[in-house]
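Structure first, then comments.
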Amino acid sequence: MNVYELYLDGVESERRLNAARWELFVFPEIREVCRIGASRHVAILHEADEPNVNAWLEVLAAAGFVRALAA
């Protein structure tokens, strides 16, 4: 299992975090998306050797999420 961390605007509430999680579950390599602390810092647990971050971010952007900064 691998972890990719990023800052994602809009996931401060549990409802929005769940929405982001479901958007990312279209990728079979993603196993879990969880917030780190009470902020917009999230961890994406995945089974890919090389994460397809650009595709993940495109899906999130299309759903209204904005990546603020790479962690």
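The sequence shown: position 17 = 19 (the working numbering), numbered continuously. Heads up, the beta-carbon is just placed ideally off N, CA and C, and yes, glycines get one too.
Cα-Cα separation, residue i to residue j
| i | j | result |
| --- | --- | --- |
| Asn-54 | Ser-15 | 25 Å |
| Ala-40 | Val-13 | 9 Å |
| Asp-11 | Arg-17 | 13 Å |
| Arg-23 | Asp-51 | 20 Å |
| Phe-27 | Trp-58 | 10 Å |
| Leu-71 | Asn-4 | Because Leu-71 sits at a pLDDT of 48, beneath the cut-off of 50, its placement in the model cannot be relied upon, and the point is left open. |
| Ala-63 | Leu-19 | 14 Å |
| Phe-46 | Glu-34 | Residue identity check: residue 46 is Ile in the sequence provided, not Phe. So the alpha carbons of these two residues sit roughly 6 Å apart. |
| Ala-21 | Pro-30 | 17 Å |
| Cys-36 | Gly-66 | 18 Å |
Beta-carbon proximity of residue i to residue j, cut-off 8 Å
| i | j | result |
| --- | --- | --- |
| Arg-42 | Tyr-6 | no |
| His-48 | Ile-38 | no |
Whole-angstrom C-beta distance between residue j and residue i, which should lie under 8 Å
| i | j | result |
| --- | --- | --- |
| Glu-25 | Val-68 | At roughly 13 Å, the Cβ-Cβ gap does not stay under 8 Å, so Glu-25 and Val-68 are not in contact. |
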